[in-house]
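In full-length UniProt numbering, the protein residues as written are 1 to 77.
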């Protein structure tokens with residue numbers, strides 16, 4: 001979590017504490033949970049993108065290899 005985000009939560013907590021301490025803490029905890037869940041989701045999306053990129057690189061390497069083999073076979077035959 002970024003320092004800026006923590007500061008915003010503290011400001012929110014202080015601002016809401018004038019109303020009710022328990023409510024303010026509850027709201028900040030809920031916001032932190034949502035932030036944590038979205039961070040997990042972003043990490044999963046990054047892993048999926050990396051996996052896709054890896055498969056794409058493998059596919060392109062196989063395509064280049066097949067083209068080299070085809071070219072070699074055409075020259076030899």
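A virtual CB, placed ideally from N, CA and C, is assigned to each residue, including glycine.
By the criterion of a C-beta distance shorter than 8 Å, residue 9 is surrounded in its chain by 28, 31, 32, once the five residues flanking it on both sides are discounted. Residue 5 and residue 18 have their C-alpha atoms some 21 Å from each other.
Look at residue 5 here: in three-state DSSP terms it is helix.
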